[in-house]
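Structure first, then comments.
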Amino acid sequence: MAGEQWAGIRGVSTRSGVRLWLPEQATFQDAKLALAKALREGPSIRGLAVTLEAGGRPLRVAELRELELLLLEQHGAALLQVIEGAPSETRAPIPIGVIPEGGDDAESGARLSAASAEVGTGARRGRRAHPSPSTARPALPKEAMGLVGSRDLPLSPTATVLVKRTLRSGQRVHFAGNVVVLGDVNPGAEIVAAGDIVVMGTLRGVAHAGATGGEDAIVAAFRLQPTQLRVASYIGRSPDGVSAHAAVPELARVRDGALVVERLMP
Amino acid sequence: MGEVCVITSGKGGVGKTTTTANLGASLAALGKSVVLIDADIGLRNLDVVMGLENRIVYHLVDVVEGYCRLAQALIKDKRFENLCLLPAAQTKDKTAVSPEQMRGLCKELAQDFDFVLVDSPAGIEQGFRNAISGANQAIIVATPEVSSVRDADRIIGLLEAEDMRPPRLIVNRLKPAMVKRGDMMDIDDILDILAVELLGVVPDDDSIVVSTNRGEPAVLSASSRAGQAYRDIARRVLGEEVAFMDLDARPGIFGRLRRLFAAGDR
Chain A
7 MAGEQWAGIR GVSTRSGVRL WLPEQATFQD AKLALAKALR EGPSIRGLAV
57 TLEAGGRPLR VAELRELELL LLEQHGAALL QVIEGAPSET RAPIPIGVIP
107 EGGDDAESGA RLSAASAEVG TGARRGRRAH PSPSTARPAL PKEAMGLVGS
157 RDLPLSPTAT VLVKRTLRSG QRVHFAGNVV VLGDVNPGAE IVAAGDIVVM
207 GTLRGVAHAG ATGGEDAIVA AFRLQPTQLR VASYIGRSPD GVSAHAAVPE
257 LARVRDGALV VERLMP
Chain B
2 MGEVCVITSG KGGVGKTTTT ANLGASLAAL GKSVVLIDAD IGLRNLDVVM
52 GLENRIVYHL VDVVEGYCRL AQALIKDKRF ENLCLLPAAQ TKDKTAVSPE
102 QMRGLCKELA QDFDFVLVDS PAGIEQGFRN AISGANQAII VATPEVSSVR
152 DADRIIGLLE AEDMRPPRLI VNRLKPAMVK RGDMMDIDDI LDILAVELLG
202 VVPDDDSIVV STNRGEPAVL SASSRAGQAY RDIARRVLGE EVAFMDLDAR
252 PGIFGRLRRL FAAGDR
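So the protein sequences, as listed, match chains A and B. Following our numbering, the numbering of the first sequence begins with 7 at its first residue and continues without gaps. Following our numbering, the numbering of the second sequence begins with 2 at its first residue and continues without gaps.
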């Protein structure tokens, strides 16, 4: 159901929450003020997961944090995902989340974290009125559990998600775009992305870039020590036995029909 | 209100029960009132390690099912007036208790005790869910083995979703000589992956086996190295700054001989 319910800005309700378009003002602060005004005057979004369409405006980490705090502290809503790049009105929300092993069991700990690593929602288990920013994380909506690349999800090569946390064993991020992790990816954790994967930390788990067939996808990490690497249909793994890893940033890509790892040259 | 602390690990056999018994006894020796809850229903051990097995009349499941009052099920320790044990049932299984019931139980005990220590079962299923449900802090026990660290990482990931302070780590059964030879993970390797606060390091110590079999926590023995480590941990739990003990302090038989000769030369 589309609608002009959010005085002055575009917004629609979706199955998993609410989708808001960041107003296209000249500066970020103006856009934030317009968003804040619309949220004050529009219907309550308490406890909902928010998908934010940032349009052509690239958001900096600090700006993302400001929006997160605005949504969480003033309106009790969790920032689920931020989509940058040309927004399409008909596009379904791109699923993203940190999914525990056997991910269909929401109660046993399906938790979401994305651009909003530190946000919580008051709706969690319905037993706490106020979200606690330090610990709580909202449960992942069921419909966001699917794998990337299902046919009804058009891919946007410009969509990127920022995961501001370390991914621990058993946690997964699936995203129909690029994934950037600010933290480590520990053994037993898994990232599957239709686009590129960049880990600003140590990648020790499994990473699958170009999961929908994009052979030009890359996996880059400050320390590339993966259990297993996949790009499109190519699979590589660390050599058996004691492995000495280079202490420099590296990048993996498909070249001449083979998965190769090379030094990341800026 | 007292603190409710769950001792957990994911992997079995790393020393959760030993840690619970020794930490509880140390805190009691420091004058705190402490109650230990054995949440490992069906595989109870804590009563044996505490040497209280023959005093059990009622257990945890009796309390939640209303067969007895909570005070009737609490067993007073032989050594410390201010230390109690709530034993697990041996003839039931994990489904006999729900997370809500555990939460209520912990809340009730936290009214009367400074510390409620919950000994979690291994695994991540309902027994684990029950054990963590009432806790406001967690202590992770891991041994310096890849599998144990992997499981601890998984547990820390699961606890992120809970409403509690960031978990702290005890590294158990470290063998300094093996670490020195490069045959065992050292503390830095472990912290590199887990990235949590280190509460203490307990050296591998044969006296633990003896004390466990006798039902006497090792902290009661002044000569036990592991006991000393647990006493230090208890003081850190109380917020004291305690230096980490030098695990190389005790030389082996050759070191002692060498020292003897060196003394003779002088």
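Idealized CB from N, CA, C, for every residue including glycine.
Chain B beta carbons: is any one of them nearer than 7 Å to that of residue i?
{"i": "residue 244 of chain A", "result": "no"}
{"i": "residue 110 of chain A", "result": "Unreliable positioning characterises residue 110 of chain A in this predicted model, as indicated by a pLDDT of 36, which lies under 50. A coordinate reading is not provided."}
{"i": "residue 174 of chain A", "result": "yes"}
{"i": "residue 193 of chain A", "result": "yes"}
{"i": "residue 35 of chain A", "result": "no"}
{"i": "residue 234 of chain A", "result": "no"}
{"i": "residue 177 of chain A", "result": "yes"}
With distances taken Cα to Cα, identify the nearest neighbour of residue i among the options.
{"i": "residue 48 of chain B", "options": "B:172, B:11, B:89", "result": "B:89"}
{"i": "residue 39 of chain B", "options": "B:22, B:55, B:33", "result": "B:22"}
{"i": "residue 177 of chain B", "options": "B:248, B:233, B:72", "result": "B:248"}
{"i": "residue 152 of chain B", "options": "B:205, B:111, B:46, B:123", "result": "B:123"}
{"i": "residue 132 of chain B", "options": "B:98, B:113, B:154", "result": "B:98"}
{"i": "residue 53 of chain A", "options": "A:200, A:35, A:23", "result": "A:23"}
{"i": "residue 257 of chain A", "options": "A:228, A:241, A:39", "result": "A:228"}
{"i": "residue 76 of chain A", "options": "A:45, A:66, A:60", "result": "A:45"}
{"i": "residue 108 of chain B", "options": "B:148, B:127, B:135, B:94", "result": "B:135"}
{"i": "residue 239 of chain A", "options": "A:47, A:79, A:222, A:192", "result": "A:222"}
{"i": "residue 210 of chain A", "options": "B:121, B:243, B:147", "result": "B:147"}
{"i": "residue 6 of chain B", "options": "B:218, B:37, B:13, B:32", "result": "B:37"}
{"i": "residue 41 of chain A", "options": "A:166, A:66, A:80, A:259", "result": "A:80"}
{"i": "residue 13 of chain B", "options": "B:94, B:212, B:218, B:156", "result": "B:156"}
{"i": "residue 2 of chain A", "options": "A:66, A:82, A:65", "result": "In this structure chain A extends from 7 to 272, so residue 2 of chain A is not present and cannot be described."}
{"i": "residue 86 of chain B", "options": "B:165, B:112, B:59, B:205", "result": "B:59"}
{"i": "residue 3 of chain A", "options": "A:231, A:233, A:74", "result": "Here chain A covers residues 7 to 272 and nothing more, so residue 3 of chain A does not appear."}
{"i": "residue 94 of chain B", "options": "B:223, B:103, B:104, B:128", "result": "B:128"}
{"i": "residue 66 of chain A", "options": "A:226, A:175, A:177, A:33", "result": "A:33"}
{"i": "residue 239 of chain B", "options": "B:11, B:10, B:9, B:35", "result": "B:35"}
{"i": "residue 51 of chain A", "options": "A:72, A:35, A:68, A:26", "result": "A:26"}
{"i": "residue 19 of chain A", "options": "A:30, A:36, A:58, A:231", "result": "A:58"}
Under a CB-based cut-off of 7 Å, is residue i close to chain A?
{"i": "residue 43 of chain B", "result": "no"}
{"i": "residue 194 of chain B", "result": "yes"}
{"i": "residue 13 of chain B", "result": "no"}
{"i": "residue 201 of chain B", "result": "no"}
{"i": "residue 105 of chain B", "result": "no"}
{"i": "residue 158 of chain B", "result": "yes"}
Which term fits residue i, buried or exposed, when burial requires 16 or more other beta carbons within 10 angstroms of its beta carbon?
{"i": "residue 170 of chain A", "result": "buried"}
{"i": "residue 51 of chain B", "result": "buried"}
{"i": "residue 180 of chain A", "result": "buried"}
{"i": "residue 171 of chain B", "result": "buried"}
{"i": "residue 192 of chain A", "result": "buried"}
{"i": "residue 62 of chain B", "result": "buried"}
{"i": "residue 2 of chain B", "result": "exposed"}
{"i": "residue 271 of chain A", "result": "exposed"}
{"i": "residue 96 of chain B", "result": "exposed"}
{"i": "residue 245 of chain A", "result": "exposed"}
{"i": "residue 87 of chain A", "result": "buried"}
{"i": "residue 267 of chain B", "result": "Note that residue 267 of chain B has pLDDT 47, beneath the 50 cutoff, so the model's placement of it is unreliable and no number is given."}
{"i": "residue 14 of chain A", "result": "exposed"}
{"i": "residue 214 of chain B", "result": "exposed"}
Is any beta-carbon of chain D found at less than 7 Å from that of residue i?
{"i": "residue 43 of chain B", "result": "Chain labels in this structure do not include chain D; the protein chains are A and B."}
Check whether the region 21-35 of chain B and the region 154-169 of chain B are in contact - that is, three or more C-beta pairs closer than 8 Å.
No, because fewer than three Cβ pairs between the region 21-35 of chain B and the region 154-169 of chain B fall closer than 8 Å, the two stretches do not touch.
In chain order, what residues of the region 144-156 of chain B put their CB closer than 9 Å to some CB of chain A?
Under the 9 Å Cβ criterion, the region 144-156 of chain B contributes 147, 150, 151, 152, 153, 154, 155, 156.
Is there contact here, the region 117-127 of chain B with the region 64-80 of chain B, by at least three beta-carbon pairs under 8 Å?
Result no; under three Cβ-Cβ pairs closer than 8 Å.
Assess contact between the region 172-192 of chain B and the region 199-211 of chain A, defined as three or more Cβ pairs (one per stretch) separated by less than 8 Å. Is contact present?
The answer is no - the region 199-211 of chain A does not touch the region 172-192 of chain B, with fewer than three Cβ pairs under 8 Å.
Would you say the region 233-248 of chain B touches the region 73-90 of chain B, given that touching needs at least three Cβ pairs under 8 Å?
Remark: fewer than three beta-carbon pairs, one from each stretch, lie closer than 8 Å, so the region 233-248 of chain B and the region 73-90 of chain B are not flagged as touching.
Can we say the region 259-270 of chain A touches the region 13-22 of chain B, given the rule of at least three CB pairs closer than 8 Å?
Touching, no.
Flag this pair as touching only if the region 208-227 of chain A and the region 182-198 of chain A have three or more C-beta atom pairs under 8 Å; answer yes or no.
A contact exists between the region 208-227 of chain A and the region 182-198 of chain A.
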